[in-house]
Every structure is written in structure tokens, then in C-alpha cells.
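For the sequence shown, this note's numbering begins at 7 and goes up steadily by one. Step one of this worksheet: look at the structure below.
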Amino acid sequence: MSETWADTGRRARVFAAALIDLGLQHGERVAIMSGTRYEWLWCDYGAICAGGVRTSVYPSSLPADVEHILSDASARVVVAESAAQIDALRDLRSALPELTVVISLDGSREGDWLVPLEGVVSRGESVLAVQPYEALTGDDIAAILYTSGTTGRAKGVLLTHRSWNATLESLIAVDLLHEDDVTLLWLPLAHAFGKALSLMAVRAGYLTYIDGNLDRIASNLDEVKPTFMCSVPRILEKIHARVKTGAEASPVKRRLLDWAASVAMTTQELETTGERVPRKLGVQTKVADALVLKKIRGAFGGRLRFLSSGSGALDPAIAKWFGGAGITVLEGCGLTEAGSTTSLNRIGEVEYGTVGKPLPGTEVAFDTDGEILVRSASVMKEYHGNPEARPRRSPTTVGCAPVKSACSPIGATSASPIARRTCSRRRTASTSHRASSRRASWPCARTRHSSSSSVRAAGSSSDSSRSTRSR
């Protein structure tokens, strides 16, 4: 199925009209409990159009976690994907008194509080022309995203429309994504990273293929031929391991792969430092590319400009391996409390083992106890139901790094909120940025990097003819 963003917008408005007709009030919660699929996008956009606040539940969540999130968020509407999820909701019904409507994406059943998606769409179509929409402001809450709960009970992060707009504008300012790009979106949309990507697709207007089935990534890449893709380290590690394992079957193939990777990474290192590539090495690189490296790029469709990796630390050796094959990996860092991404490597300025520079509009500083302080307009308003709480990460966190930057803050003001973050075993890219050891008094997200870490102190306009495609 292929649709333009204008088609998607109309679906969202229809869904919004139906939600309002079903009694959804401004600021009430709409929870989506589903894997990554096209319907997620326009249900999410529709909830926003209706003046609602979207929250989400991972489809694999345990019943206790589902109950906690839906109860804590006071969800009024739930969009559920499967019969098993609907059965779980039915079992929790007495514990969720505010839940009045469950919308079934598979449409297999209806009755009582359960409405199939087709019925919701029909209802929206019938009232679309007369249904008024709520006026929204930048300070209205757009989403409540729940933390992973690794350091305690999952907490609801209140992100405003202003927060998301700040995230999108900072990504636009980096000038990585354009209307002629093509991507495959498979990351969980319940996560802040996936949510930001779903909004960025509309903001930049590029073609987006949507399929959350990990078993189909290989075949989808061959068909989609993306120009960029966002991933997590686990997937890149699996691809790397699969290529290495495939070569193990033949001693000749193994030696050829090792030789090609060594040649490519040596050439890449020389080019990165501005040194001259010896003629012999240049010839070897061309041979390696023809025999091996071109096939690795072909596995991703053959036209990737870059891969972006986040939500965890990627082994620098694996990032270099991909880089040598002609696939640039841009690692980044972020947290739910700061609206997803706060720092990112840039094409032509990649430092492996780092998360790059802070995004434009983001300030980074170091506290006296090693915490990393992040100030940006994208930082959350507060925790739901606990506005005095400070974010905190486990001391063993390895998913992000001390952020060093050569980019000066753009758009950040002294009134911008601060998020505190500390991370272990990672570092960031260099900076003349205002990184300081001062202690800040702003409310922040806290975590700590280990003292042994290597730290160098140093950051919708869309063409309606562009489209989304679901698989």
C-alpha cells in the first residue's frame, strides 16, 4: 500500500473526528498498544489533532506493566493490535475505570467497549465536516512516554508540542535529511527514538516505508533501497556477525573478507586524517570493493548515505568495519526526558566510539561530580504525577557518552530546562563548546559516567506528493 502524506493527514483528521465524537476531551490520553505499522502513525497524528495526549505500551509488556502505564496515564482510549492484547485489557478492566473505548486494529471483534478500527473510521467520516477541533499551544502536552523502568517503576515523561518541535528543528538544522530521501522505519514507535522519526518523516517530507517485522528487514532493504536508516547496535552487530559467519565456511572467503576489511579501514583512516592514500593501497581498495565491499553495501540496498545508531553503545570496531565498507555509521545519544536525540555525529566528522556533537539548540556541560547536563527546549516539562522528581540513570548505563562538541548553542536560552545525564564507558566528540564543571541548580535528569571513562570536554513543511508505504 502506498499513500501520500496528504492521504495520511486526511486519515489522521478522520480518526481525530471520531475520537472527539466518542467523547475524547482536550488533554485526555490515547494509548497505542501495537507494533510498528502504518496505522500507528495516523492514530498517533489523529490523537494529536483531537487535542489528546498520546501514550504507548510496548506490545510485549507484561500485564502488570500494562496496568501501571494505562492507570498512571489515566488512559481514556486504547488502540490495541491483537486479540491477546484485547483479552489482557479485558482482564484489567476493573483496574482501569477511566478506560471507556478500546479500538481493535485487526477488527476481529466488537461489542461492549470494543470498536473495530473500520467502525471508528466510518464514524469519523460521517462527522468530519462538522466536528470542531481543539486549538493547541506549544505548552500543551503532546505525549506521555514511559521510561524503561530499569531503575525502578516506569515513569511518565511529559513532552509538550514545543519539546517535539524543538527536537525536529534541531535535526533539520543538521541538514542530514531531505525530501528526496527514502527510509525504512522498523524501530518501535512506542520508544522516543521511533516517535521522533515518525514526526521527522512528516517534517522533512521524505518517503518512508513502514514495517516493524524484524524477520523482513533483509528483504525490505533489498526492495526499499533506503538512502538512510536508523537502527540500534544489536541489529548492526547481528549483520556484522552474519557476514563473518558466512565467510567462516570457506578459508578462502574468510581470508578475503579479513583482507578487504583491513584494506578498507586503513584507507578510511588515512582519508579521515587527511593523509595521502598510497597508490598501491588505492588499487587494493578498488579490488576489495569490487570483490567484497560492494556486496556488503548491496545487502542494504546499495544506496545508503548513512546509518544512524542509538539507544545503546556500538563497538567502535564494528562501526569502523561498516565505514570501511562505505556505510557511514552516525552514532548519537539521547534520552526520553530530552525528547529523544541530544547529540549526533555528522557526515565527514565521524569520531568512532563517540556520540558526536550536541544538536543545534542544545547546550552540554559537565558537573563537578561527572554528570552531564543537557539544556534544550526539547527537555521534558516534568514527570507525570511527580513534578519534583529528577531523572536518574543507573551508574552502569552504557548507552550514551559524555558529549563533547565543537558546535555553539543555537536557540537555547537561560530559561531552557536542563536534563542531567551521566553515562559510562563512552565518550563524545571534541569541543570548544561551553562544557563546564559548575554545579547547576536546574531540575535535571541524572546519571553518572565512571571515573575511568575517557572524557574530553568539549553539543511541517512537506511535499504532499511524498508518501508513506506500509508493508
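Think of the CB as a built atom: it goes at the ideal place given N, C-alpha and C, for glycine as much as any other residue. The model shown is predicted, which means the values in this text are computed figures rather than measured ones.
Assuming contact is defined by CB atoms lying nearer than 9 Å, are residue i and residue j in contact in what I supplied?
i, j, result
"S88", "D112", "yes"
"T214", "V249", "no"
"I353", "F328", "no"
"S176", "G316", "no"
"P239", "L320", "yes"
"D294", "A253", "Residue 294 is actually Ala in this sequence, not Asp. No."
"L5", "V36", "Here the chain comprises residues numbered 7 to 477, so residue 5 is not present and cannot be evaluated."
"S384", "A172", "yes"
"L195", "G158", "no"
"A86", "S62", "no"
"L105", "L76", "yes"
"V133", "D27", "yes"
"G359", "A331", "no"
"R43", "I216", "yes"
"A56", "A23", "yes"
"H197", "L151", "yes"
"R168", "G144", "yes"
Within 10 angstroms of its Cβ, does residue i collect 16 or more other Cβ (buried), or is it exposed?
i, result
"H184", "exposed"
"Y212", "buried"
"R432", "Legend: pLDDT at R432 = 38, less than 50; position of this residue unreliable, value from coordinates given subsequently. Per the 10 Å Cβ criterion, buried."
"A139", "The sequence shown places Tyr at residue 139, rather than the Ala named in the question. When all chains shown are included, Y139 counts as exposed."
"K161", "buried"
"G280", "exposed"
"A148", "buried"
"S346", "buried"
"V208", "buried"
"Q31", "exposed"
"M235", "buried"
"A70", "exposed"
"E34", "buried"
"M7", "exposed"
"E124", "exposed"
"N392", "exposed"
"L297", "exposed"
"V59", "buried"
"S256", "exposed"
"S204", "buried"
"S237", "buried"
"P284", "exposed"
"S314", "buried"
"G117", "exposed"
"E337", "buried"
"E369", "buried"
Report whether the distance from the Cβ of residue i to the nearest heavy atom of the ligand HEM is below 8 Å.
i, result
"W192", "Absence of the ligand HEM from the depicted structure is noted, as is the absence of any ligand whatsoever, leaving it without description."
Bridge partners of residue i, per DSSP?
i, result
"V108", "V84, L120"
"R234", "It should be noted that the sequence gives Phe, not Arg, for residue 234. According to DSSP, which records beta bridges pairwise, F234 is partnered with F312."
"L191", "I216"
"T368", "S382"
"A149", "R60, L165"
Identify whether residue i lies in helix, strand or coil by the three-state DSSP scheme.
i, result
"V283", "coil"
"K363", "strand"
"G213", "First, the amino acid is wrong: residue 213 is Leu here, not Gly. Strand, per DSSP."
"E254", "helix"
"E388", "strand"
"E9", "strand"
"L5", "Outside the displayed span of the chain (7 to 477) sits residue 5, for which this structure offers no information."
"P322", "helix"
"A305", "coil"
"A267", "helix"
"P393", "coil"
"E243", "helix"
"L227", "helix"
"E377", "coil"
"R159", "coil"
"A196", "coil"
"S204", "helix"
"S176", "helix"
"H455", "Any reading at H455 must be qualified, since the residue scores a pLDDT of 30, below 50, and its modelled position is unreliable; no value is offered."
"L102", "coil"
"G15", "helix"
"G288", "helix"
For chain C, find out if any of its Cβ atoms is closer than 9 Å to the Cβ of residue i; answer yes or no.
i, result
"G329", "Here chain C cannot be found, since the structure has a single protein chain."
**Asked** In chain order, which beta strand (DSSP E) runs of at least 3 residues are fully inside the stretch 327-361?
**Response** With a minimum length of 3 residues, the continuous beta strand (DSSP E) runs that stay inside the stretch 327-361 are 335-341, 346-350.
**Request:** Note down, one range per segment and in chain order, each beta strand (DSSP E) of at least 3 residues found wholly within the stretch 25-99.
**Result:** Taken in chain order, the complete beta strand (DSSP E) segments of 3 residues or longer contained in the stretch 25-99 are 35-39, 59-63, 81-86.
**Prompt:** Going along the chain, which unbroken runs of the alpha helix (DSSP H) with 4 or more residues stay wholly within the stretch 121-146?
**Reply:** Listed in chain order, they are 123-133.
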